[in-house]
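Position 262, counted from 1, in the sequence shown is what the working numbering calls 749; the numbers after and before it change by one each time, with no gaps.
For each residue, glycine too, the CB sits at the ideal point set by N, CA and C.
Notes to accompany the following structure.
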Amino acid sequence: MRGEKGGVETLIQSFKAPHLLDIDGDSVHHAHNAAKAFCKPFNNWLEQLFKDIHSDFHWSTDLREKLAEICEMCGLKFTMPERFLNHRFLFVYNLAADTLRLLDAYTVFYVSFAKGEERAKFDRYRQNIITKRSLSEAAKKSLDNIDTYLKTKIMTADGKERKAKIIDRLFRGRLRTRILLSIYVGVLHQLKEYVMVFQRKEPHIHLLNDQQVDLLKCYLGFFIKPETMPKTVQELKNIDFSDVNLHLSPKMMFVGNSALLKNGRATTSEVVKDVLGQLKSAYVASSQVLIKKMPINNNLLKHASALDPRAHGHSITMSYLKELPNLIKNVLVKDERAVYDKEVHRYISDPTLLEYKDGSRVDSWWGDAAKTYPMLGKVALACLTCFHGPMIEGVFNSMGDVCDVRAGSMDTKTLSAIQTTKYHLKASGQSAVKYFARADVLYSPVQAKMVQNIKNASGEYRSIIQRKKQEKDQISKELTINPQKPPSKRTAMDMISHLAKRQWQDHVDKLDSVQTGGNKE
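Okay, structure coming up:
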């Protein structure tokens, strides 16, 4: 597709559309591919866990209800475990963060499926959670009832095999799972932040080059010694990751929550050593993808950075702006070029330009500037509007989640009503449109019986919702559950994001202290 000699884009640009811009394509895909390369050395440990947990609850209503009850007693907001998506590999960050959020609930739930001596061994995790969350005696009794129900549940062969794999990761390999969850959340958060910048409606092509360079430098800071960090873009492109002299020692690499490694180093050093070895391979593999794929040397993207209003007043900005029409060739005609160059000189030294505030739309700012500098504004707006985030593509990617070959969960009464309606329409030999057709949609009377049925159904639905709420409040009161609502999933994800940022800052501070002689590695 992108071959330099015979690729589709090369052929189109050569013979059909010489004005086709070289903006590399979708750099968000590169971030996803880097995430995929990062996760590969860990041998699908967490990805398989995510798939199994989703499958367990997606098709089993009773298990979903029991997990929701456990979440409520633990003060956690229950949400349905999401499906792992291969075509958007960075989504694994969301799954890791959500699994970390619900880890206590999963622990209490799945310990019920452990057998024999292992059940007694793993039960200490359950007891620790009960103590940590200060559950009442009534809540403990309710958990025991759920435990009894789950232990006696009849399962298919696939269900038994799936739960055995989950137990292996949640309990036997618990330290490995917790360390990897911490690593995924801490490291992939950097890539996720980059992706989120460009999943907005406003144009960001003027920030793209700077964001890519910053991403690479921050990412390399996870495992590269600060004193060997490349200073220029060309040095970044030429860095040799196979040189072990560039790498931090295992104990200095960024691992997210470093306390997990310290707690496990003495008793399970083999697990920690194995994870750190995999982590080093993951850093090298993902960094190679980023360095190879990210267009940090792209000429157009570098020159487009001059469109940032905050770059106004610098000679390099003037140089880049003058070069833009040579890169975007179909905007100005020959007679307009001289006027454009004159406007660039006036723009660079203009003290009367409207102040640009952080958070403002750059295209709106240039729309105002174009009133004074029409040729410059013409080029600037053409460049800004050639870029959009992956919002449209994201709609198509999500269609696989909407159009599932298997039916979603549906209440029996709802299904019965649908089938009755379909049977009645089939018997009448009419479609729904013809059955309810009126001569004049505004003034012809509607069927009184239909209106009455709609009102009755609405009233019955509201009464059912109210009754369920009262029953839930009564149960919460009996179990002495805190009436205050638990943090929503979005709030919890934001908290995890802030924690990842703080852990990254702690890593930077640690490296600075070592570099200045505060500590010896």
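{"Query": "CB contact flag (residue 657, residue 580, <8 Å)", "Result": "no"}
{"Query": "Length of the line joining the Cα atoms of residue 944 and residue 935", "Result": "14 Å"}
{"Query": "Distance between residue 670 and residue 744 (C-alpha atoms, nearest Å)", "Result": "7 Å"}
{"Query": "Residues bridged to residue 711 [DSSP beta-bridge criterion]", "Result": "734"}
{"Query": "Selection from 766, 951, 732 that minimises the alpha carbon distance to residue 526", "Result": "766"}
{"Query": "Cβ shell of residue 798 (< 6 Å), same chain only, five flanking positions each side left out", "Result": "804"}
{"Query": "Residue span of the alpha helix (DSSP H) that contains residue 765, given as start and end", "Result": "756–780"}
{"Query": "Proximity to residue 633 [Cα-Cα], best of 536, 548, 818, 556", "Result": "556"}
{"Query": "At least three beta-carbon pairs within less than 8 Å, the stretch 615–633 to the stretch 550–568", "Result": "yes"}
{"Query": "DSSP-derived helix/strand/coil call for residue 923", "Result": "coil"}
{"Query": "Contact between the stretch 785–792 and the stretch 691–700 (3+ Cβ pairs under 8 Å)", "Result": "yes"}
{"Query": "Per-residue DSSP class, three states only, for residue 567", "Result": "coil"}
{"Query": "7 Å CB neighbourhood of residue 582 in its chain, flanking five on each side removed", "Result": "537, 569, 571"}
{"Query": "Three-state class that DSSP yields for residue 556 in the structure shown", "Result": "helix"}
{"Query": "Buried/exposed call for residue 713, threshold 16 Cβ in 10 Å", "Result": "exposed"}
{"Query": "Segments of 4+ residues assigned as alpha helix (DSSP H) that fall wholly inside the stretch 802–833", "Result": "802–814"}
{"Query": "For residue 718 and residue 778, believed in contact at Cβ under 8 Å, the rounded distance", "Result": "With 8 Å as the limit, residue 778 and residue 718 do not qualify as a contact, their Cβ atoms being about 15 Å apart."}
{"Query": "Three-state secondary structure (DSSP) of residue 867", "Result": "helix"}
{"Query": "C-alpha gap between residue 681 and residue 707, whole angstroms", "Result": "15 Å"}
{"Query": "Beta-carbon proximity list for residue 836, same chain, < 8 Å, skipping 5 on both sides", "Result": "800"}
{"Query": "Close beta carbons around residue 810, own chain, < 6 Å, minus the five adjacent residues each side", "Result": "790"}
{"Query": "Reduced DSSP secondary structure (H/G/I, E/B, other) of residue 527", "Result": "helix"}
{"Query": "For residue 787 and residue 864, the rounded distance between their alpha carbons", "Result": "17 Å"}
{"Query": "N-terminal and C-terminal residue of the alpha helix (DSSP H) that residue 579 is part of", "Result": "579–588"}
{"Query": "Neighbour-count burial assignment, residue 546, 16 or more Cβ in a 10 Å radius", "Result": "exposed"}
{"Query": "Entirely enclosed alpha helix (DSSP H) segments - the stretch 620–671, minimum 4 residues", "Result": "624–638, 644–654"}
{"Query": "Chain-order list of residues whose beta-carbon lies under 7 Å from that of residue 622 (same chain, five-residue window excluded)", "Result": "560"}
{"Query": "Three-state secondary structure assigned by DSSP to residue 574", "Result": "coil"}
{"Query": "Straight-line gap, residue 700 to residue 720 (C-alpha atoms, nearest Å)", "Result": "7 Å"}
{"Query": "Alpha-carbon spacing of residue 730 relative to residue 646, whole angstroms", "Result": "46 Å"}
{"Query": "Anticipated Cβ contact below 8 Å, residue 673 with residue 578, distance rounded", "Result": "Contact flag wrong, Cβ pair sits at about 17 Å."}
{"Query": "Cα-Cα separation, residue 888 to residue 520", "Result": "Bear in mind that a pLDDT of 49 at residue 888, under 50, signals an unreliable position, so the model cannot answer this."}
{"Query": "Per-residue burial, residue 650 [other beta carbons within 10 Å of its own, 16 or more giving buried]", "Result": "buried"}
{"Query": "Residue 686 versus residue 575 - alpha carbon distance", "Result": "14 Å"}
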